[in-house]
Amino acid sequence: NNNGKGFAPKYSIADKSYDITPSSVTETPFSSVEEQETSEEVQLSMSEFFATYDEWKPLFHHVMSSSNGEDDDDGRATASPPMASSHLADVARPSSSSSDSSSDSSSSSDSLWGISTLEKKTPWRLLESKPTTNSSLEVLSEFLDEWQRSLLDIPLDEIVTGANDAHFMEEGRRVLAVTRFHVLDGAAESATAADSAAVADSAAGSVGEDGDATGKTTYDREWELFRTVWSELAHLTSRDEEDTGSLVLLSPEQKSGGGSGGFGRDLECVREFVERKVLRPIRWLGRGEDWEIVAMERGSIGVRILYKLSDIPDLKERDSGGDENVMF
17 NNNGKGFAPK
27 YSIADKSYDI
37 TPSSVTETPF
47 SSVEEQETSE
57 EVQLSMSEFF
67 ATYDEWKPLF
77 HHVMSSSNGE
87 DDDDGRATAS
97 PPMASSHLAD
107 VARPSSSSSD
117 SSSDSSSSSD
127 SLWGISTLEK
137 KTPWRLLESK
147 PTTNSSLEVL
157 SEFLDEWQRS
167 LLDIPLDEIV
177 TGANDAHFME
187 EGRRVLAVTR
197 FHVLDGAAES
207 ATAADSAAVA
217 DSAAGSVGED
227 GDATGKTTYD
237 REWELFRTVW
247 SELAHLTSRD
257 EEDTGSLVLL
267 SPEQKSGGGS
277 GGFGRDLECV
287 REFVERKVLR
297 PIRWLGRGED
307 WEIVAMERGS
317 IGVRILYKLS
327 DIPDLKERDS
337 GGDENVMF
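Be aware that the sequence shown starts at 17, since it is given in the numbering used here, and climbs by one per residue.
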C-alpha cells in the first residue's frame, strides 16, 4: 500500500469505477431523465436512435435475441418482448432447420461475423483482442499502470471486513475480468486515410476512410467509439461467457479537442455518450442486467465493458459452516 511507504495517494476512496450515477452537462442524472420521460417520448427516442443507426439493426437484433429465456411448448419466449422489438421487426431472422433457440442464436452469430464483416461491408468489426501499434500499446500500458495505482491507493484494513477491503475486491475483480483491449488512436487511423481514399474512388457508393460504406472521410472519434463499443458488445454476447469484458481507450491526443466537436475531451463527455448511445439502447434491447458499462479515467479516458459479472461469494456464509465445508 502506498500509504505505508510515504507516498501520497493519487486516487481517493470515493473514486470508484462502479456503482456510478453519471452527472450530465445539465444538472440532472441521465437515469432520472429517462425515468421522467413519457412512453411517447421513449418511443420517439428509440425511433430516432434506430433510424440513425439503421445499418446496425442486424447487430442490435443479435444482441436482443441472444437473451436467455424460457420457451413455451410452441417455442415462443414466455417473457414479454423487449421495448425495441417493434423497431427491429424488419430484421430477417437467420435461416435454421431447427426451432431450437440455441441454434437460432448460433446462426445469428455466424451471420453477424460472416464474410461481409470480414470484408468491412458492415459498420461493425470483428476486432483483435489487443492493439499492435507501439503508440496504442503505450497508451494501454499507461492506463493499466494508473489502474493498478488506483488499487494500491485504497487503504486496507487489518481484518478483511471493512468497506475499504470490499472496495479493493470489487475493483480488483473488474480488472481481472477485462481480457480485451482497444485504443482509438486517431493519428494511426488518419494515416491510413490516403490508402482508403483509393478504395473509395474505385468502389461504388461512398466509402469511409477504412473502406466501409459509412460515407465518412475524416476521423470521427465519437463514431469510432460507437463502432468499437458496439462491436465488442456483440462479440461478448456471441461468446456468452460470464465475467468477461473489454476496455476501449481514447488516446491522449483525443482529449485535446479539435474535430468531431471536441468529443472525448473530458470524462463527462464520454459518460454522456455511454448513457445515451450505449446504456439506454441496451435497456431497450432488454439486456440491461447483463452489462456493467462505465466511462472511467486512469491517465486516459476509456469505456469499460463487463458482461455478466458474477457476485462476490458471501464469506460469512462460508465461514459459518465449519472447517469441513472449506474447499481449496
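For each residue, glycine too, the CB sits at the ideal point set by N, CA and C.
Computed from a predicted structure; not experimentally measured.
From the options, residue whose alpha carbon lies closest to that of residue i
{"i": "valine 58", "options": "Met99, Leu75, Ser28", "result": "Met99"}
{"i": "histidine 78", "options": "His183, Asp256, Lys136", "result": "Asp256"}
{"i": "glutamate 240", "options": "Arg141, Glu135, Met62", "result": "Arg141"}
{"i": "arginine 296", "options": "Thr253, Phe66, Leu143, Tyr34", "result": "Phe66"}
{"i": "aspartate 259", "options": "Ser127, Val194, Arg314", "result": "Val194"}
{"i": "glutamate 154", "options": "Ser326, Trp307, Gly315", "result": "Gly315"}
{"i": "lysine 293", "options": "Thr54, Ala179, Val245, Leu128", "result": "Val245"}
{"i": "lysine 32", "options": "Trp307, Arg190, Leu325", "result": "Arg190"}
{"i": "leucine 160", "options": "Lys137, Met185, Arg196, Pro139", "result": "Arg196"}
{"i": "threonine 138", "options": "Arg243, Leu60, Val286", "result": "Arg243"}
Spatial distance of residue i from residue j (CA atoms)
{"i": "tyrosine 27", "j": "glutamate 162", "result": "9 Å"}
{"i": "tryptophan 300", "j": "serine 101", "result": "8 Å"}
{"i": "serine 218", "j": "leucine 75", "result": "Note that serine 218 scores a pLDDT of 34, beneath 50, so its modelled location is shaky; the value from the coordinates is reported in the next line. C-alpha separation (whole angstroms): 28 Å."}
{"i": "serine 152", "j": "serine 267", "result": "7 Å"}
{"i": "serine 118", "j": "serine 82", "result": "Residue placement at serine 118 is flagged as unreliable, the pLDDT there being 49, under the threshold of 50; a coordinate-derived value is accordingly withheld."}
{"i": "tryptophan 72", "j": "alanine 24", "result": "47 Å"}
{"i": "aspartate 169", "j": "aspartate 236", "result": "35 Å"}
{"i": "threonine 133", "j": "valine 107", "result": "17 Å"}
{"i": "aspartate 126", "j": "proline 171", "result": "47 Å"}
{"i": "arginine 303", "j": "lysine 324", "result": "10 Å"}
Contact check, residue i vs residue j, beta carbons under 9 Å
{"i": "histidine 198", "j": "valine 290", "result": "no"}
{"i": "isoleucine 298", "j": "glycine 261", "result": "no"}
{"i": "leucine 167", "j": "glutamate 187", "result": "yes"}
{"i": "threonine 149", "j": "aspartate 201", "result": "yes"}
{"i": "tyrosine 34", "j": "valine 319", "result": "no"}
{"i": "leucine 143", "j": "serine 254", "result": "no"}
{"i": "glutamate 238", "j": "phenylalanine 279", "result": "yes"}
{"i": "leucine 283", "j": "glutamate 305", "result": "no"}
First and last residue of the uninterrupted beta strand (DSSP E) at residue i
{"i": "isoleucine 321", "result": "316-323"}
{"i": "glycine 261", "result": "260-266"}
Span of the alpha helix (DSSP H) around residue i
{"i": "arginine 190", "result": "179-193"}
{"i": "proline 74", "result": "73-81"}
{"i": "threonine 253", "result": "237-255"}
{"i": "serine 326", "result": "Counting along the chain, serine 326 falls outside any alpha helix (DSSP H), and DSSP gives it neither H nor E."}
{"i": "glutamate 291", "result": "It is not in any alpha helix (DSSP H) - glutamate 291 carries neither H nor E in the DSSP assignment."}
{"i": "aspartate 161", "result": "150-168"}
{"i": "proline 139", "result": "Looking at the DSSP string, proline 139 is not in any alpha helix (DSSP H), and its letter there is neither H nor E."}
{"i": "isoleucine 29", "result": "Counting along the chain, isoleucine 29 falls outside any alpha helix (DSSP H), and DSSP gives it neither H nor E."}
{"i": "glutamate 345", "result": "Any question about residue 345 goes unanswered here, given that the chain covers just 17 to 344."}
{"i": "proline 98", "result": "Segment: none, proline 98 is in no alpha helix (DSSP H) and carries neither H nor E."}
{"i": "proline 25", "result": "Run containing proline 25: none; DSSP gives neither H nor E here."}
{"i": "arginine 299", "result": "296-300"}
Counted within 10 angstroms of its Cβ, other Cβ atoms place residue i as buried (16 or more) or exposed
{"i": "proline 147", "result": "buried"}
{"i": "isoleucine 29", "result": "exposed"}
{"i": "glycine 130", "result": "exposed"}
{"i": "isoleucine 328", "result": "exposed"}
{"i": "serine 96", "result": "exposed"}
{"i": "leucine 192", "result": "exposed"}
{"i": "alanine 250", "result": "buried"}
{"i": "glycine 178", "result": "exposed"}
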